[in-house]
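Following: one structure in structure tokens, then a few remarks.
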Amino acid sequence: MALRMSWAIAHRTAASSSLLRTLRHTLPRSSTRAYTSRRPDPLDRVRNIGIIAHIDAGKTTTTERMLHYAGFTRSIGDVDDGDTVMDYLPAERERGITIQSAAITFGWKDSQLHLIDTPGHVDFTVEVERAMRVLDGAVAILDAVAGVQAQTLTVWKQATRYGIPRIIFINKMDRDGANWQKCVDDIGAKLDTRPLVLQVPESEMARLEGRGLERWIDAVTMERIEFDIEQDNTGSTVRRSAISETDPAFEKMADARTLLVETLAEIDQQIVDVFLSDAVDGDHLQVPEKDIRDAIRRVTQSSQASPVLLGASFRNVGVQPLLDAVLEYLPSPTNKAQPTMAVVPGQSGKKSTEVVPLDSNKLVAFAFKVIVDAQRGPMVFVRVYSGTLDSRMTLVNGTQGGIKERATKLLQMYADQPEEIPAIQAGHIGVVLGLKMTKTGDTLLHAQHPSLPKSLKSAKKSRSVHSANSAPVGWQLHGISVPPPVFFCAVEADSPQDERPLADALANLTLEDPSLHVSHDEETGQTLLSGMGELHLEVIQDRMVKDMKINATFGKMRVSYRETAGQPASAQHTYAREIAGKAGKAALRVSVEPIGDPETDDNIIEINMPDHLVVAGETAPTHARDDDHELCDSVRAAIHDGISNAAFRGSILGFPVTRTRITVTDIEYFGEDLSTIPAYRACAGQALAQALNGCSPALLEPIARTTISCPEKHVGSVLSDLNGARRGRVISLDDSEEGVGAGKLLVAEMPLSTMVGYSSMLRSLTAGGGSFTMEVVGFGQMNMQQQQAVIKESRGY
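Residue numbers (my numbering): 29 to 825.
See the structure below:
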């Protein structure tokens with residue numbers, strides 16, 4: 029069989045009927061909540077999906093249409109009007125962007141969808157990360173004009189890392205410059221997937237405005253899909269009709285079907301067998317619809333390919349077929365691979381990796397999000413992977429050393445509106461109340477789970493007090509990756525009476541947002557807020573002042589640098605002092621040296637320790653006696669903690685240390701009474717501080733990759749600004765089809781510190797016609813003059 033990837037493929041004739049069938053997706057406007065909460069669907073009719081995209085691609089607009097067509101809302105929410113269901117935070121409605129991932133449950137046809145709408149701005153990438161952690165499938169939305177954009181690549185890579193199958197929805201087909209073929213080329217060139225084009229426009233005219241009837245061609249069913257938005261401006265009416273051989277659209281339909289079959293045949297052997305069978309005899313149009321659907325489902329769920337559909341959500345076009353495709357091609361919890369977990373030493377004393385059994389009667393759940401509600405307290409969003417989570421159930425938090433908490437209530441969320449439910453079954457997403465100590469990324473287990481130690485299962489009393497040194501117990505699902513912060517600012521209460529409300533607000537915000545860090549600068553006495561970007565910290569400030577009514581003053585937004593060893597150095601340190609009234613003594617040597625390629629390696633720190641102690645001047649193997657081995661494990665952990673804590677504050681300006689190898693040697697033991705765990709911890713930290721002081725430490729600055737879209741006539745001004753004080757390095761300059769008129773798309777890398785306040789400058793340089801996106805891609809070396817300037821600005825001298 030000779031297969032060619034082309035839109036101009038000779039077609040074969042196929043018999044077709046003129047049957048017209050009209051599909052009216054106008055479910056009764058009564059709420060579907062009773063259906064979703066009281067009649068749990070079989071797992072094969074459940075979908076846990078997310079909406080992912082670059083900012084302004086139309087995620088929330090598409091989601092609002094889904095809710096309307098499913099009968100969940102009587103009217104369609106609009107981002108510009110600030111009345112959307114999913115963007116319910118005041119800051120979201122004010123700015124017109126999604127800030128937090130919002131979860132909602134609704135029914136479509138005979139199935140139940142748990143849908144999470146995620147932010148598109150790079151500053152809120154952790155919201156996308158934790159949503160990805162619990163999804164079975166996703167819809168990636170592209171702008172038909174812009175194609176694959178910077179944040180599209182970021183969220184796509186996140187989904188790939190978690191093995192999430194995706195459908196692609198090319199949105200905004202009504203815009204001037206919309207080019208779906210270019211988007212398909214972009215998908216094939218920039219994303220690690222094969223595009224399966226399931227729909228094409230009947231007319232190549234992409235602009236929908238002013239036209240009342242829009243027609244797509246369905247390559248799977250070989251039908252015409254009509255959206256009559258003139259007769260029904262809500263888009264609720266969708267008509268399908270067969271395309272006959274005499275129809276002017278027949279040739280285009282045949283080309284689309286041929287390309288789809290050939291693309292599938294390159295990656296799916298079963299469709300090749302069907303194509304070569306006697307019944308089909310090499311005729312693309314005779315391949316049964318069921319076989320094509322089955323093949324699309326196989327290659328989608330194995331992440332070899334991604335179905336591509338078209339639409340214009342703002343014009344209410346294309347959303348119902350997208351919902352149908354979600355049910356048809358994305359996996360249910362039963363056919364999505366269950367996550368693996370690490371089994372930490374418990375009863376068996378061994379560490380291994382296993383797959384969570386979906387049908388087990390012992391609960392395994394994952395906390396992927398926490399929201400602190402003023403009335404309800406912490407609301408913990410969970411995905412149940414095994415067993416059933418019942419109301420009033422006692423749960424063991426294995427991540428935090430086995431603390432026990434009781435689930436007081438269970439909720440199903442409809443954006444910001446909850447409904448109480450009796451249980452959350454395996455494969456479903458819900459909210460748990462009553463868990464005051466659970467954090468994002470924690471694994472929750474049934475109190476009698478077989479992986480837990482017997483002592484913990486037999487304990488009658490709940491362990492409500494948690495030690496920071498408690499080691500994980502039982503099965504552990506993989507946590508959530510949180511990038512290091514790159515911006516920070518100081519915050520100070522306006523009066524002594526405002527200090528407690530400020531502290532409480534910060535505690536709640538850090539519980540909700542794992543990417544927000546709060547620290548205390550011992551030298552200045554300031555409280556520092558660190559986050560993922562300017563917008564991230566601006567939103568936090570707005571929430572504190574406007575929503576939480578906190579009286580506080582915020583300092584200037586500043587960049588978070590890193591520190592590293594400039595050359596090898598070492599320090600021998602003896603610690604001898606009283607700790608809590610008890611004498612303590614420890615001694616060791618710490619050596620540091622730079623590691624890593626400055627161009628590629630970031631956030632790397634390596635800690636090495638020996639397998640022996642020095643006792644009374646002699647080497648004592650750790651395995652000489654059981655008590656020696658037990659002691660060494662404790663000492664090793666204490667030294668590691670001391671090193672890690674000290675490495676969080678470098679010797680120049682107190683920024684985290686990275687790209688450094690730290691080696692601990694000559695660990696001395698002065699007897700059980702003197703060489704205590706706190707002594708070793710303090711000794712290690714002080715020794716590292718001394719070594720860092722002597723290693724000619726250097727600052728590393730975060731480097732931002734910026735994609736700028738601007739009118740062609742302003743390119744010179746933009747380039748001049750980038751190449752000047754911003755120390756930019758231009759990577760590419762291409763034509764841009766985004767926006768009205770001729771434009772340019774410029775990609776450059778520059779120090780993040782030079783991009784503070786760039787939004788205002790770009791508007792000034794381009795007369796309001798420019799826009800940009802930015803992400804931190806690494807850390808770069810600074811010369812001595814630049815380093816001294818940063819030190820002077822920070823210290824004031």
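Every residue gets a Cβ at the ideal spot worked out from N, C-alpha and C, and that includes glycine.
This one's a predicted model, so the numbers in the text were calculated from it and none came from an experiment.
Any idea if residue i is buried or exposed, counting beta-carbon neighbours within 10 angstroms, 16 or more meaning buried?
{"i": "P542", "result": "buried"}
{"i": "A710", "result": "buried"}
{"i": "H312", "result": "buried"}
{"i": "L304", "result": "exposed"}
{"i": "P478", "result": "exposed"}
{"i": "G430", "result": "buried"}
{"i": "T180", "result": "buried"}
{"i": "H564", "result": "buried"}
{"i": "G175", "result": "buried"}
{"i": "R189", "result": "exposed"}
{"i": "Y825", "result": "exposed"}
{"i": "N864", "result": "As shown, the chain starts at 29 and ends at 825. That puts residue 864 outside it, with no answer to give."}
{"i": "E157", "result": "buried"}
{"i": "R285", "result": "buried"}
{"i": "Q227", "result": "buried"}
{"i": "Q140", "result": "buried"}
Measuring alpha carbon to alpha carbon, tell me which residue in the options is nearest residue i.
{"i": "A353", "options": "K364, Q314, V384, I196", "result": "I196"}
{"i": "C517", "options": "T427, H545, M585", "result": "M585"}
{"i": "Q440", "options": "S419, R321, V424", "result": "S419"}
{"i": "S330", "options": "S341, G191, K397, E803", "result": "G191"}
{"i": "M812", "options": "D306, Q297, A726", "result": "A726"}
{"i": "V173", "options": "I144, P147, R590, G86", "result": "G86"}
{"i": "Q366", "options": "S748, G455, K218, R733", "result": "G455"}
{"i": "E729", "options": "P684, L484, A712", "result": "P684"}
{"i": "Y589", "options": "R222, I132, Q815, R791", "result": "Q815"}
{"i": "P512", "options": "L480, G553, V587, L287", "result": "V587"}
{"i": "P779", "options": "Y357, H668, M810", "result": "M810"}
{"i": "M783", "options": "H82, N751, I759", "result": "N751"}
{"i": "S672", "options": "N636, T704, I680", "result": "N636"}
Have a look at residue i and residue j and give me their C-alpha separation to the nearest angstrom.
{"i": "V663", "j": "D639", "result": "11 Å"}
{"i": "S495", "j": "N425", "result": "Here S495 scores only 42 on pLDDT, less than 50, and its place in the model should not be relied on; the value that follows carries that caveat. C-alpha separation (whole angstroms): 13 Å."}
{"i": "G405", "j": "L461", "result": "7 Å"}
{"i": "D694", "j": "A719", "result": "15 Å"}
{"i": "V768", "j": "A307", "result": "At V768 the pLDDT is 40, less than 50, meaning the model places this residue with poor confidence; the figure from the coordinates comes in the next sentence. Rounded to the nearest angstrom, the two C-alpha atoms are 51 Å apart."}
{"i": "R528", "j": "E550", "result": "19 Å"}
{"i": "A614", "j": "A608", "result": "16 Å"}
{"i": "L355", "j": "D256", "result": "24 Å"}
{"i": "I568", "j": "L170", "result": "28 Å"}
{"i": "D309", "j": "E230", "result": "28 Å"}
{"i": "E803", "j": "K210", "result": "24 Å"}
{"i": "S388", "j": "R823", "result": "58 Å"}
{"i": "S523", "j": "Y442", "result": "39 Å"}
{"i": "A652", "j": "V692", "result": "Low confidence applies to A652: its pLDDT is 38, below 50, so where it sits in the model is not reliable, and the reading given next is rough at best. When rounded, the distance between both Cα atoms is 21 Å."}
{"i": "T291", "j": "Q259", "result": "37 Å"}
So the alpha helix (DSSP H) residue i belongs to, where does it begin and stop?
{"i": "H96", "result": "87-97"}
{"i": "C723", "result": "That residue, C723, is in no alpha helix (DSSP H); it is neither H nor E in DSSP."}
{"i": "P223", "result": "No alpha helix (DSSP H) contains P223, which is instead part of the beta strand (DSSP E) from 222-225."}
{"i": "V814", "result": "Reading off the sequence, residue 814 comes out as Gln, not Val. 812-823 is the span of the alpha helix (DSSP H), which, as asked, contains Q814."}
Compare the beta carbon distance of residue i and residue j with 9 Å and say whether it is the shorter of the two.
{"i": "V410", "j": "I452", "result": "yes"}
{"i": "Y708", "j": "G670", "result": "yes"}
{"i": "C723", "j": "T794", "result": "no"}
{"i": "T686", "j": "F807", "result": "yes"}
{"i": "A159", "j": "G78", "result": "yes"}
{"i": "K364", "j": "P193", "result": "yes"}
{"i": "A599", "j": "A715", "result": "yes"}
{"i": "E696", "j": "R733", "result": "no"}
{"i": "P385", "j": "S360", "result": "no"}
{"i": "D701", "j": "A604", "result": "no"}
{"i": "S269", "j": "N344", "result": "no"}
{"i": "T427", "j": "G469", "result": "yes"}
{"i": "I680", "j": "E591", "result": "yes"}
I'd like the span of the beta strand (DSSP E) that includes residue i, first residue to last.
{"i": "G771", "result": "771-779"}
{"i": "R689", "result": "688-697"}
{"i": "T466", "result": "Run containing T466: none; DSSP gives neither H nor E here."}
{"i": "H564", "result": "Counting along the chain, H564 falls outside any beta strand (DSSP E), though it belongs to the alpha helix (DSSP H) covering 562-570."}
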